[in-house]
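Accompanying notes for the structure given below.
Residue numbers (the UniProt record's numbering): 1 to 629.
Right under this line is the structure:
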């Protein structure tokens, strides 16, 4: 049977099409609404945010590093300057595969694997996108030419002109001025990221580190327009950096050279201070080193030679060298005895060549095994009589001895602006109890009275103690900065002056120190006899290794580096001190025979004119100068 024929329902189709159109229109309208809402949100609500992003794609802010402040000596001789230099920089974002680019650089410049590793390490230290990172300094003309010829092989590599720190006097001031070096990761965590955004170097040691904030300056900025590849098209705005402050030091180049010449290449340290002002005139630590390679990056082999050298050229003996002060502290111990009332000027001790504690058999030897007979205070200082000071130390006791010697700065930092200074050691009962969990023994007090035992001092502390005797106890911290951008340094924590009950104590001590050089029985009378002015000084010998009871020191049986250290402290002219000096010669053995001539040479260089006569300004300061006969 045939199927019925269905007729098309046009009304139904029309309703279906109409519904589809309405649904489609609703969907389109909804999507358009969402789109318009999104556009409104992006262009109106977040206008400032997206406009900033867009602007940053076109405009970049580049830091401009400030020029580091210069360092001069007291006469205007430059000790640290900024020398123009061509550096090789790498921008990682422009280089693509920057490690391959480094390989190409090494090939072009014909360098080795050590330089390749150094380049990679420096490249990884980059802190910001599109920041040119210096990877090599002080390019030669030939190296610049090779880079220019092979520029097509080296994307992101450029030759830039920069100012690099330079120390024209090299090793002469390495331990005082210090040096700058590249900022490492640890330092980067503690730095102001804004102010150091364009800086790659920072003070590492010495004054460069201590006055880093003042020498560095304030960073500047440039707003530049760039293309999609980061290339600068034009400068839109510029804020100039503020250069660092110039630093003028108290050091004198000529006196420094004279001190180094007097030391004669021996291992040791020399400190010269102007007593009335605390200005450090000379600061020598030998052997020294050239700080310039540390600025641009010293090689591994070169650094290993300095680090592993038996002479320790990197070691600052003035600030970190700890030595038993030996007999150099005897004038201060004598002053303590006078002020405490345990001795008087005329107090005498019989010296048979040794000292014994009551009910003890141990003999504490005098350096003169035959003894000096009856000895008073002045003769004890002049002869450096150990027996007298054994007895004096026993009378004082450790508690008073510690109190009086601490007032001179022993056992603490004394400098105002020397970063690396160590405090040394002035022992006490409490210190030994905490350190060794032992009681203090009387014998330890005896040897402390002659500067041996646990006591350790730096050459700077000895120089400061000498200056205190010269100024009659007036405390002025030694400092290297004479002025920073025209402003003198200020002591934030001044030390109290040393005040004795009888001011004549200072005169008695000075007379004893003068007798060391100008008395017939003085230990350094040969040096004093050749002087045109009166010197107040004291020799000292510091043991490196102990000697058994009853044995006598024999230099031929002791290794050269185990021989005694030679020390000497002095100020001159004795009546009106203008300079105080401390000399330490490692393994020099004789304070009066080796260290004393060095101290005199330093004082001569400061006090005498070209004709070998006392300078007029110093001669006029002497008592009785200009008086009529």
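For every residue, glycine included, the Cβ atom is placed at its ideal position computed from N, Cα and C. The model shown is predicted, which means the values in this text are computed figures rather than measured ones.
Task: Alpha-carbon spacing of residue 713 relative to residue 91, whole angstroms - done: Any question about residue 713 goes unanswered here, given that the chain covers just 1 to 629.
Open item on the list: I need the straight-line Cα distance from residue 214 to residue 64, nearest angstrom please.
Closed with: Here residue 214 refers to the residue found at position 214 of the chain shown. Here residue 64 refers to the residue found at position 64 of the chain shown. Straight-line spacing of the CA atoms in residue 214 and residue 64 works out to 17 Å.
Open item on the list: With a threshold of 8 Å, are at least 3 pairs of Cβ atoms found where one atom belongs to the stretch 137-156 and the other to the stretch 173-193?
Closed with: Between the stretch 137-156 and the stretch 173-193 there are fewer than three inter-stretch CB-CB distances shorter than 8 Å, so the stretches are not counted as touching.
- [ ] May I have the straight-line CA-CA distance separating residue 593 from residue 270, to the nearest angstrom?
- [x] Walking along the chain shown from the start, residue 593 turns up at place 593. Walking along the chain shown from the start, residue 270 turns up at place 270. Distance between the alpha carbons of residue 593 and residue 270 is about 16 Å.
Task: residue 452 beta carbon less than 9 Å from that of residue 326 - done: Working through the chain shown from its first residue, we reach residue 326 at position 326. Working through the chain shown from its first residue, we reach residue 452 at position 452. Between residue 326 and residue 452, the gap from beta carbon to beta carbon is short of 9 Å.
Open item on the list: Between which residues of its own chain and residue 284 is the CB-CB distance below 7 Å, once the five residues before and five after are set aside?
Closed with: Taking the chain shown and counting its residues from 1, the one referred to as residue 284 is at position 284. Excluding residues within five positions, the ones whose Cβ falls inside 7 Å are 256, 259, 260, 263, 269, 270.
TODO: Note down, one range per segment and in chain order, each alpha helix (DSSP H) of at least 4 residues found wholly within the stretch 268-315.
DONE: Fully enclosed alpha helix (DSSP H) runs of 4 or longer: 292-296, 300-308.
TODO: Given a cut-off of 9 Å, decide if residue 77 and residue 235 are closer than it, judged by their beta-carbon atoms.
DONE: As a first step, residue 235 is located in the chain shown; it is residue number 235 there, counting from the start. As a first step, residue 77 is located in the chain shown; it is residue number 77 there, counting from the start. Annotated as distal: residue 235 and residue 77, with beta-carbon spacing of 9 Å or more.
Open item on the list: Is the beta carbon of residue 596 closer than 9 Å to that of residue 462?
Closed with: By 1-based counting over the chain shown, the position of residue 462 is 462. By 1-based counting over the chain shown, the position of residue 596 is 596. No; because the gap between Cβ atoms is not below 9 Å, this pair is not in contact.
- [ ] Would you identify the three-state DSSP class for residue 137, choosing helix, strand or coil?
- [x] Residue mapping note: residue 137 aligns to position 137 of the chain shown, counting from 1. Note: residue 137 maps to coil in three-state DSSP.
Open item on the list: Let me confirm a value: residue 626 is counted as buried when at least 16 other C-beta atoms fall within 10 Å, else exposed. Which label applies?
Closed with: Within the chain shown, numbered from 1, the residue matching residue 626 stands at position 626. Low confidence applies here, because residue 626 scores a pLDDT of 47, under 50, leaving its location unreliable and the question unanswered by this model.
Task: Bounding residues of the beta strand (DSSP E) (the contiguous stretch that carries residue 525) - done: Looking up residue 525 in the chain shown gives position 525. No beta strand (DSSP E) holds residue 525; the alpha helix (DSSP H) holding it covers 525-529.
Task: Sufficient close CB pairs (3 or more, under 8 Å) joining the stretch 392-409 to the stretch 321-340 - done: Taking 8 Å as the limit for Cβ pairs, the verdict is that the stretch 321-340 does touch the stretch 392-409.
TODO: Quick one: grab the DSSP three-state call for residue 115.
DONE: Along the chain shown, one-based indexing puts residue 115 at 115. Helix, per DSSP.
Open item on the list: Quick check: the stretch 556-573 against the stretch 217-227, are at least 3 beta-carbon pairs closer than 8 Å?
Closed with: Taking 8 Å as the limit for Cβ pairs, the verdict is that the stretch 556-573 does not touch the stretch 217-227.
Task: CB-CB length for residue 489 against residue 318, believed under 8 Å - done: For the purposes of this step, residue 489 is taken as the residue at position 489 of the chain shown. For the purposes of this step, residue 318 is taken as the residue at position 318 of the chain shown. 18 Å between Cβ atoms; not a contact.
Open item on the list: In this structure, how does DSSP classify residue 434 when only helix, strand and coil are distinguished?
Closed with: Your numbering for residue 434 matches position 434 in the chain shown. If DSSP states are grouped into helix, strand and coil, residue 434 belongs with the helices.
Task: Euclidean distance between Cα positions of residue 527 and residue 607 - done: Here residue 527 refers to the residue found at position 527 when the chain shown is read from its first residue. Here residue 607 refers to the residue found at position 607 when the chain shown is read from its first residue. Taken atom to atom, the span from the alpha-carbon of residue 527 to that of residue 607 is near 16 Å.
Open item on the list: Assuming residue 216 is part of the alpha helix (DSSP H), what are its boundary residues?
Closed with: The sequence position of residue 216 within the chain shown is 216, counting from 1. Looking at the DSSP string, the run of the alpha helix (DSSP H) that includes residue 216 is 212-216.
Task: Where the alpha helix (DSSP H) through residue 81 begins and ends - done: The count along the chain shown starts at 1 and reaches residue 81 at position 81. Careful: residue 81 lies outside any alpha helix (DSSP H), inside the beta strand (DSSP E) at 78-90.
Task: Contact set for residue 507: own chain, Cβ-Cβ below 7 Å, skip 5 residues either direction - done: For the purposes of this step, residue 507 is identified with residue 507 of the chain shown, where counting begins at 1. Around residue 507: no qualifying Cβ.
TODO: Spell out the partners DSSP gives residue 63 in its beta bridges.
DONE: As a working mapping, residue 63 is identified with position 63 in the chain shown. Beta bridge pairing from DSSP links residue 63 with 221.
TODO: With DSSP as the reference, label residue 539 as helix, strand or coil.
DONE: By one-based count along the chain shown, residue 539 stands at place 539. Correct three-state label for residue 539: strand.
- [ ] Taking residue 623 and residue 576 to be in contact with their CB atoms under 8 Å, please state how far apart those CB atoms are, rounded to whole angstroms.
- [x] As a working note, residue 623 is residue 623 in the chain shown. As a working note, residue 576 is residue 576 in the chain shown. Going by Cβ atoms, the distance from residue 623 to residue 576 rounds to 7 Å, so yes, they are a contact pair.
Open item on the list: Given this structure, state the Cα-to-Cα distance separating residue 628 from residue 534, to the nearest angstrom.
Closed with: The residue labelled residue 628 in the question sits at position 628 within the chain shown. The residue labelled residue 534 in the question sits at position 534 within the chain shown. Since pLDDT at residue 628 reaches only 37, below the 50 mark, its modelled position is unreliable, and the value read off the structure follows with that caveat. Approximately 21 Å between the Cα atoms of the pair.
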